[in-house]
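In this note's numbering, the protein residues as written are 1279 to 1932.
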């Protein structure tokens, strides 16, 4: 092990049942470095010197040089001192703001389930080393290049790496790459490469990061441009008048330059950035972590919020309702079969609701789960092979009623009855779950019954929606449930009954007229039912086309495009790594009230920024007009050059 010279060689030497020892992992971490891509960081010294470089600092520096040329040494030293002081303040504010955001981002560090010293544990993904044994599940972002060592298969979305739109199946012995996303399956894998040695790391090294100008940056630049144009116009008038009066040109240029510099809000970008950084810290105390400072502005302006139903509007705590018995002795027999088709350690909410609903929990001790196939979005059911105390084996399954009905080949009156039960549950806002059993050696499944599950609304949801509307934010519910369930929940929450089915939404390349008509429907809808992740992206685009500042919540891997497209992407509590990476706001507590509190705080932050900007503009214009008009009409300097600089400097202090 000590002789491994490359990551792949080191990886092949690990016992997949024990993993690496802590000591060996530490040694490899020192050898191969952390599992992270090195960011191109600007040194603090270079960042500080940047405050002396640029159009505005150049103007101040020229003013200092002119003061030296005319031997106004007090002016020279004061200008130099203020230049250094202003650069120091700007540097400190930017440094503090950057540290605040970095501290918040550390709370969002990707985690990995790793086998170390024979024990499964959760660690930061950056601490993974070649040879580590990790477990991968549905929704995980693969943290490093890996080779699958245990498990049936893994369906992986490699679009971020290869551009392939369809998932790729990886089987035992095959490699999966860092940055790709698990769509199906659960496996144990061995890390083969980390950090810059991964396929993703090598690709990222060839790509230069593009930067975009935010609305906030545009606003600051527009304010600066406006003030410069006003000041230059006034200075041109002043210079022409004073030259006509015979004022010495060098002294006049120095004064005009100082006046122009004083009109520019040098500290405004730093002050506004600092205000947002402080606001981001305040939002983190409200259980809302900001990953992009400029998103605070969009949050304050948001007028439509598309919210997931489960866990945000509801409690995300399924409870067992009625049980409809078909081919079983009684309700408890149906529940027992459903419980045997569950696995407690997965902490799946449906499994937990079924297990909690089983009255005779001692009955489970008479059975042993030999094999278990977890739920996946394609097959929409779980399946378990069970062995009783006599050694007899049988299979049980639970899942979407239509899937279980088809599996049991239900037909005729029984199928009609089952569909009526499902519809009746749906009208009450319940979720239906079919249960079936097959004895060893039998080909056919027996349909045992249908369970009803209900996710009750959060106690504060209805009141929070009323508060949101009072703030001018229209809340629209987004759910994968069918139309009947969605409408029932929407009524309970006070949202309304205008629920739009997602399949009514236009395709991206559809008729433009139909897309415009759909935009009106989406705008007027109270919610959306039977929504798949790709529909969320379409909903956001249609609302944005109608000039709405749109927020979208999400938690899954496929929600990432919609979260990225939204003006404010919100990753809800418990979201996958992919969703959190795409979001502007990450919630660490469940519920819609967290988002509404974040909007309130964002609006307070924006008010402070707006008030400061208005104050700074009005002060600049007041000083400029006062000084220029006094010199033109009364032919005297009302204040000295140094006084102008001092006044402008202290005006910049918030």
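We treat Cβ as the ideally placed atom computed from N, Cα and C, and that holds for glycine.
By the CB criterion at 9 Å, residue 1567 and residue 1865 fall inside the cutoff. Bounds of the beta strand (DSSP E) holding residue 1567 are 1566-1568. In the structure shown, residue 1412 adopts extended strand secondary structure according to DSSP, grouped into three states. When the alpha-carbon of residue 1736 is set against those of 1748, 1882, 1719 and 1768, the nearest one is in 1768. Remark: C-beta atoms of residue 1862 and residue 1590 do not approach each other more closely than 9 Å. Residue 1675 sits in a strand when the DSSP states are folded into three classes.
Residue pairing for residue 1754: DSSP places it in a beta bridge opposite 1584. Taking the Cβ atoms as the reference, residue 1477 lies roughly 6 Å from residue 1423, within the contact range of under 8 Å. In this structure, DSSP gives residue 1884 a helical state, which the three-state scheme calls helix.
For the beta strand (DSSP E) assignment, the uninterrupted runs of no fewer than 3 residues enclosed by the region 1646-1729 are, from N- to C-terminal side, 1659-1666, 1671-1677 and 1709-1717.
DSSP places residue 1852 outside any alpha helix (DSSP H), giving it a letter other than H or E.
Of all alpha-carbon atoms in 1657, 1624, 1616 and 1650, the one lying nearest the alpha-carbon of residue 1637 is that of 1616.
Sequence-distant Cβ neighbours of residue 1431 in its own chain, meaning closer than 6 Å and more than five residues away, are 1447, 1449 and 1463. With the rule of 3 Cβ pairs closer than 8 Å, the region 1578-1593 counts as touching the region 1873-1891. According to the DSSP assignment, residue 1761 belongs to the alpha helix (DSSP H) that extends over 1761-1771. In this model, residue 1640 and residue 1741 are separated by some 42 Å (Cα to Cα). For residue 1348, the three-state secondary structure derived from DSSP is coil. With a beta-carbon spacing of about 5 Å, residue 1674 and residue 1715 fall inside the 8 Å limit used to define contacts. Note: residue 1426 is bridge-paired with 1467 in the DSSP secondary-structure output.
Within the DSSP bridge table, the entry for residue 1435 names 1459 as partners. For residue 1390, the uninterrupted beta strand (DSSP E) run begins and ends at 1389-1394, by DSSP. When secondary structure is reduced to three states using DSSP, residue 1473 falls in the helix class.
Remark: C-beta atoms of residue 1860 and residue 1847 approach each other more closely than 9 Å. No Cβ-Cβ contact shorter than 9 Å links residue 1700 with residue 1877. Of the other Cβ atoms in all chains shown, 16 or more fall within 10 Å of the Cβ of residue 1784; this residue is therefore buried. Rounded to whole angstroms, residue 1882 and residue 1837 show a C-alpha spacing of 29 Å. Buried is the label assigned to residue 1898, since at least 16 other Cβ atoms lie within 10 Å of its Cβ. Sixteen is the threshold: since fewer than 16 other Cβ atoms of the shown chains lie within 10 Å of the Cβ of residue 1748, the residue is exposed.
For residue 1597, the enclosing beta strand (DSSP E) has its first and last residue at 1597-1603. Annotated as proximal: residue 1841 and residue 1832, with beta-carbon spacing under 9 Å. Closest in C-alpha terms to residue 1554, from the list 1880, 1928, 1924 and 1849, comes 1880. For residue 1643, no alpha helix (DSSP H) run applies, since DSSP gives it neither H nor E.
For residue 1916, the secondary structure class from DSSP, reduced to helix, strand or coil, is coil. Here the region 1590-1600 lies against the region 1726-1733, with 3 or more beta-carbon pairs under 8 Å apart. With distances taken between CA atoms, residue 1403 lies nearest to 1391 out of 1396, 1391, 1409 and 1397. Inclusion of residue 1528 and residue 1360 in the CB contact set at 9 Å is not warranted, their separation being larger than that value.
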